[in-house]
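Inspection log for the structure reproduced underneath, given as structure tokens.
Protein chains: 2
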Amino acid sequence: MHAFDLATAVRGGPGSWKATVDEGWTIGDRPNGGYLLALATRAALGEVDHPHPMVVSAQFLAPPAAGPAELEVAPLRAGRSLSTARVTLSQDGRPLLEALVGAGHLDTDRAPEWQRPGGPPDLPPVDECVRGQADIPGRVRLNILDHLDVRLDPATIGSFLGRPSGRLEMRGWVRFQDGRPPDPLALVQAVDALPPTSFELGITSWAPTVALTVYLRGLPAPGWLACVLRGQLWRDGWFDEDAEVWDAGGRLVAQARQLAGARPRPA
Amino acid sequence: MHAFDLATAVRGGPGSWKATVDEGWTIGDRPNGGYLLALATRAALGEVDHPHPMVVSAQFLAPPAAGPAELEVAPLRAGRSLSTARVTLSQDGRPLLEALVGAGHLDTDRAPEWQRPGGPPDLPPVDECVRGQADIPGRVRLNILDHLDVRLDPATIGSFLGRPSGRLEMRGWVRFQDGRPPDPLALVQAVDALPPTSFELGITSWAPTVALTVYLRGLPAPGWLACVLRGQLWRDGWFDEDAEVWDAGGRLVAQARQLAGARPRPA
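Chains as they are written, first to last, in this note's numbering: chain X, 12 to 278; chain Y, 12 to 278.
Okay, structure coming up:
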């Protein structure tokens, strides 16, 4: 069994599931948002009639701690092409994350009926990218990088060198360290695997995700995932961030958008 | 009192609210998704401590009928900068729409800390655009256009002339017919006011919205709203659609994304 499946395992159900928020998938002491959403999605998939998440929309209420958690699942619809369930992740009775999960059946091979011209992102090859480091002096430990192999486009790592690009942009390759092949649940993780784009505005403090929506658009081929993050507006301490995930076959397999906070440290 | 406020009025609460799904805001016999989301958002705002919707994420389970509806509101968080509530819109005990509403305080005048270069869309002037018609021969009646004044960019109305552009794109101006000035609730409506972009792929049947997320980014100035819709991928009968809404002052005031269905009629 792979680390990601162990860390997102749920037991019990139906209705009420138990899980452990794994300390191995944290940024400092805060669990990664994509990881939490994958955990919530796994619980929902335990109670719907379709195999794949198609659309996951969540709001993050407060960061969970590593340790035991409860996931309450309420089925909302059982349709022919889509089933929907609500998931509430709580600790000690306090709701921390609420998600709506629409599940369906993703096809393996069908070509898009239409796709905007442009194709996969123009990322440098993996071996010309910079490997994400769990330990960087002066920063919190990124336990999640023990599990995710992240290779960042040198053009978007300025913040780590004291020269942020000044744009809400981040690009890189992502795969599991232990060779687990990607699947739709892994894509829910992958959309939130790179450092936040706010780093490239020079804000290197934690960027709390308030809302995150993921559309799953295809079954990913084995291999590296190319992730491209891009934001449009930072205003009043909030910024938006779009993520695209492209598989090794050059197919767009996930689209995500999040609203997150970015506030400079007081001078 | 303006038509939009009447049509989104809720009474009762806390916990359980009553409303009427207004037949004046329909496409054929189906209520418009942005209208329904504004109605749900209004109920949530009745139970949180902040005045403005900041982020609304919803999934549509089945289309409501015009007529009485119940809105169950569950507060989930009461924070300093953000309060969050869940809303379930039901008819006859059946959940039809579920939404998470994060409310905060939108500032009036503060300039963005950063914004992607590009600025407001390059729309033709209002009087060079084509007015949306409630009655088009051979199509369902668009009651909503009795209330919304929609002016479409001639470059994106090919589907109405039998010459769809072949791209997921739609652009136009939107305001209320009765002069009601825009506010954040109106923006929740405006993100879903134009015809679906799938029309321009030649699919002119109803495009059922499965999920819709709206980020409110500023208080809109009085006047026309410029709406720009753009999608990236139509695959297996589903397409994504991003909406930007810019106010009369040239400020980006809302961003939205939806996943919707588009299936050609069988030949």
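Ideal placement from N, C-alpha and C gives every residue a C-beta, glycine not left out.
Own chain partners of residue i with C-beta closer than 8 Å, once the 5 adjacent residues on each side are dropped
i      : result
Y:E109 : A69, Q70, L72, R97, V98, T99, L100
Y:P165 : P135, E139, C140, V141
X:L87  : T95, A96, R97, L111
Y:D157 : G35, A145, Q188
X:P175 : G169, F210, E211, L212, G213
Beta-carbon proximity check, residue i vs residue j, cutoff 9 Å
i      : j      : result
Y:S209 : Y:R276 : no
X:A49  : X:W28  : no
X:E180 : X:E211 : yes
X:L117 : X:H63  : yes
X:E298 : X:Q102 : One cannot answer for residue 298 of chain X here, as it falls past the ends of chain X, which runs 12 to 278.
X:T224 : X:R191 : no
Y:A122 : Y:L93  : no
Y:A265 : Y:Y226 : yes
Y:G229 : Y:D253 : no
X:P193 : X:A222 : no
Y:G57  : Y:G35  : no
Y:Q243 : X:W245 : no
Y:A30  : Y:T37  : no
Y:G44  : Y:T220 : yes
Y:L236 : Y:R274 : no
Per-residue contacts from residue i into chain Y (C-beta, under 9 Å)
i      : result
X:D33  : Within 9 Å Cβ-Cβ: nothing; X:D33 doesn't reach chain Y, min ~24 Å.
X:G183 : Within 9 Å Cβ-Cβ: nothing; X:G183 doesn't reach chain Y, min ~20 Å.
X:L87  : Q70, L72, T99, P106, E109
X:L263 : Q243, L244, R246
Span of the alpha helix (DSSP H), counted from its first residue to its last, around residue i
i      : result
Y:P106 : No alpha helix (DSSP H) contains Y:P106, which is instead part of the beta strand (DSSP E) from 105-115.
Y:A49  : 44-56
X:D16  : 14-18
Range of the contiguous beta strand (DSSP E) that encloses residue i
i      : result
X:V67  : 63-71
Y:V202 : Y:V202 -> no beta strand (DSSP E), and no H or E assigned at all.
X:C238 : 236-241
Y:W28  : 27-32
X:R88  : 78-89
X:F250 : 249-257
X:V98  : 94-102
X:V221 : 220-227
X:R127 : First-last for X:R127: undefined, no H or E at that position.
X:L270 : 263-272
X:V21  : 21-23
X:R246 : 244-246
Beta-carbon neighbours of residue i, restricted to chain X and to distances below 9 Å
i      : result
Y:W125 : G177, R178, L179, L212, G242, L244, W245, R246, F250
Y:D118 : R246, D247
Residue i: contacting residues in chain A (beta-carbon distance under 8 Å)
i     : result
X:V66 : The chain inventory of the structure shown lacks chain A, comprising the protein chains X and Y.
Cross-chain neighbours of residue i in chain X, by beta carbon under 7 Å
i      : result
Y:L93  : V221
Y:L111 : Q70, E109
Y:R53  : Ordered by position in chain X, no residue passes the 7 Å Cβ test against Y:R53, which lies about 18 Å from the chain.
Neighbourhood of residue i by C-beta distance below 6 Å, restricted to the same chain and skipping five residues each side
i      : result
Y:G261 : P131
Y:H13  : D189, R191
Y:T119 : L230
X:D241 : Residue identity differs from the one stated: residue 241 of chain X is Arg in this sequence, not Asp. For X:R241, where only same-chain residues beyond five positions count, the Cβ hits under 6 Å are E180, D253.
Y:A285 : Given a span of 12 to 278 for chain Y in the structure shown, any question on residue 285 of chain Y remains unanswerable.
X:D33  : A18
X:I155 : W36, N43
Chain Y residues whose Cβ lies nearer than 8 Å to that of residue i
i      : result
X:E81  : Residues of chain Y passing the Cβ test: none, with the nearest at roughly 15 Å.
X:R121 : R246, D247
X:R142 : Residues of chain Y passing the Cβ test: none, with the nearest at roughly 28 Å.
X:Q102 : What X:Q102 touches in chain Y: nothing, since even the nearest Cβ is about 14 Å away.
X:Q200 : Within 8 Å Cβ-Cβ: nothing; X:Q200 doesn't reach chain Y, min ~19 Å.
Same chain only: Cβ atoms within 7 Å of residue i, ignoring 5 sequence neighbours per side
i      : result
X:D60  : A89, S94
Y:S146 : Reading off the sequence, residue 146 of chain Y comes out as Asp, not Ser. Counting only Cβ-Cβ distances below 7 Å, and skipping sequence neighbours, we find R152.
Y:G183 : C140, V161, R162, L163, D164, L205, C238
Y:R178 : E211
Y:L270 : V221, A222, W249, D251
X:A218 : P207, S209, A271, G272, A273
Chain Y residues whose Cβ lies nearer than 7 Å to that of residue i
i      : result
X:R228 : L244, R246
Cross-chain neighbours of residue i in chain X, by beta carbon under 8 Å
i      : result
Y:Q188 : Neighbours of Y:Q188 on chain X: none; closest Cβ ~29 Å, over 8 Å.
Segments of 3+ residues assigned as beta strand (DSSP E) that fall wholly inside the region 149-203 of chain X: 159-163, 180-187
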